[in-house]
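In terms of this note's numbering, the sequence shown has 188 at position 188, counting the first letter as 1, and numbering is strictly consecutive.
All C-beta atoms in this analysis are idealised placements derived from N, C-alpha and C, irrespective of residue type, glycine included.
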Amino acid sequence: MATLLRGVLRPLCAFRGGPGPPAGVPFRAVSHGTGLLYPEHIPTSVLQKVLLAAGSAGMALYDPYRHDMVAVLGETTGRRTLKVLRDQMKRDPEGAQILQERPRISLSTLDMGKLRSLPEGSFGCAYLHFLDVNRVSPDTRAPTRFVDDEELAYVIQRYREIHDALHTLLGMPTNILGEIVVKWFEAVQTGLPMCVLSALFGPIRLSAQSLQLLISELIPWAVENGRRAPCVLNVYYERRWEQPLQALRQELGITEPPLCVEGLV
Numbered sequence: 001m002a003t004l005l006r007g008v009l010r011p012l013c014a015f016r017g018g019p020g021p022p023a024g025v026p027f028r029a030v031s032h033g034t035g036l037l038y039p040e041h042i043p044t045s046v047l048q049k050v051l052l053a054a055g056s057a058g059m060a061l062y063d064p065y066r067h068d069m070v071a072v073l074g075e076t077t078g079r080r081t082l083k084v085l086r087d088q089m090k091r092d093p094e095g096a097q098i099l100q101e102r103p104r105i106s107l108s109t110l111d112m113g114k115l116r117s118l119p120e121g122s123f124g125c126a127y128l129h130f131l132d133v134n135r136v137s138p139d140t141r142a143p144t145r146f147v148d149d150e151e152l153a154y155v156i157q158r159y160r161e162i163h164d165a166l167h168t169l170l171g172m173p174t175n176i177l178g179e180i181v182v183k184w185f186e187a188v189q190t191g192l193p194m195c196v197l198s199a200l201f202g203p204i205r206l207s208a209q210s211l212q213l214l215i216s217e218l219i220p221w222a223v224e225n226g227r228r229a230p231c232v233l234n235v236y237y238e239r240r241w242e243q244p245l246q247a248l249r250q251e252l253g254i255t256e257p258p259l260c261v262e263g264l265v
């Protein structure tokens with residue numbers, strides 16, 4: 001499976017040629033070369049997308065921490081769902097503004113000094129605490145490559161870049177149990193096939209104790225919150241840093257998790 005995927009990816013990446021722009025560069029509907037719709041775009045045929053989807057699904061199920069494979073799976077299987085999400089954003093004033101302005105969440109766009117100056121209890125302070133404690137960076141999100149529509153490409157890029165914000169809102173760490181809980185929330189919220197697959201097959205590697213807690217308490221909580229919350233893509237997170245975390249949770253209908261999953265695997 002890995003050999004098949006490398007065989008498909010190697011010529012495609014060679015076709016793209018050269019490094020892409022920094023993460024702070026927004027998507028725009030302009031020409032970026034022959035057949036390219038945005039800076040990192042790699043045009044692919046239907047057959048190539050099928051091969052990429054099959055290969056990335058196998059690799060992602062084998063190793064849920066292969067975020068690059070999860071990213072490829074999302075891009076090659078989610079076009080119809082991305083259209084639905086895009087339309088939801090267009091119907092919402094805040095979502096429509098996000099689509100128009102195309103903000104990016106990266107180290108080059110975040111004002112880290114401002115975030116560090118925010119008071120305890122603010123959403124921005126909690127977000128920065130999440131990044132520091134879990135040793136993650138917004139720059140680790142893979143760039144979109146295989147979506148053949150620049151607006152839909154931005155939608156899935158935005159989904160990736162708000163992932164850490166969702167961890168913060170849900171109070172979930174980056175261990176495998178925390179990631180699975182967030183994926184259940186995202187699956188209900190977005191309907192993206194790769195979220196659904198990750199939610200269903202991610203628990204395979206959990207211990208019996210964690211699996212019992214996931215099924216009995218955490219999945220029902222994540223599903224309930226995912227159904228109750230409005231579309232999380234319609235939140236302009238960059239303008240909410242100063243908002244109290246609890247106030248933002250209340251606005252979105254997100255409740256406290258039923259238990260602490262720190263240290264559980």
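Check: In the DSSP output, which residue or residues are listed as bridge partners for Pro244?; Outcome: Ser122
Check: If distances are taken between C-alpha atoms only, which option among Leu200, Arg228, Thr174, Ile180 comes closest to Glu262?; Outcome: Thr174
Check: Beta-carbon separation of Trp241 and Gly113 under 8 Å?; Outcome: no
Check: From the DSSP output, in three-state form, read off Leu252 for me.; Outcome: helix
Check: In the DSSP assignment, the alpha helix (DSSP H) including Tyr237 goes from what residue to what residue?; Outcome: No alpha helix (DSSP H) contains Tyr237, which DSSP labels as neither H nor E.
Check: Hey, out of Phe146, Gly178, His163, Ala247, whose CA is closest to Leu47's CA?; Outcome: Phe146
Check: Report yes or no: do three or more beta-carbon pairs, one from the region 146 to 160 and one from the region 42 to 58, lie closer than 8 Å?; Outcome: yes
Check: Within 10 Å of its beta-carbon, does Tyr237 have 16 or more other beta-carbons around it, so buried, or fewer, so exposed?; Outcome: buried
Check: Quick one: Cα of Ser210 to Cα of Val50, how far?; Outcome: 34 Å
Check: Whose C-beta lies closer than 6 Å to the C-beta of Val25 among residues of the same chain, with five residues either side of it excluded?; Outcome: With a pLDDT of 46 at Val25, under the threshold of 50, the modelled position of this residue cannot be trusted, and the question is left open.
Check: List in chain order: all unbroken alpha helix (DSSP H) runs of 4+ residues lying wholly within the region 120 to 154.; Outcome: 123 to 134
Check: To which residues of the same chain is Ala126 closer than 6 Å at the C-beta, ignoring the five residues directly before and after it?; Outcome: Thr168, Leu245
Check: Is Ser216 helix, strand or coil when you go by DSSP?; Outcome: helix
Check: With a threshold of 16 other CB atoms inside 10 Å of the CB of Lys183, please say whether the residue is buried or exposed.; Outcome: buried
Check: Given Glu94, which residues of its chain have a CB within under 8 Å of its CB, disregarding the five upstream and five downstream residues?; Outcome: Asn234, Val235, Tyr236
Check: So, for Gln97: in the same chain, excluding its five sequence neighbours on each side, which residues have a beta-carbon less than 7 Å away from its beta-carbon?; Outcome: Tyr236
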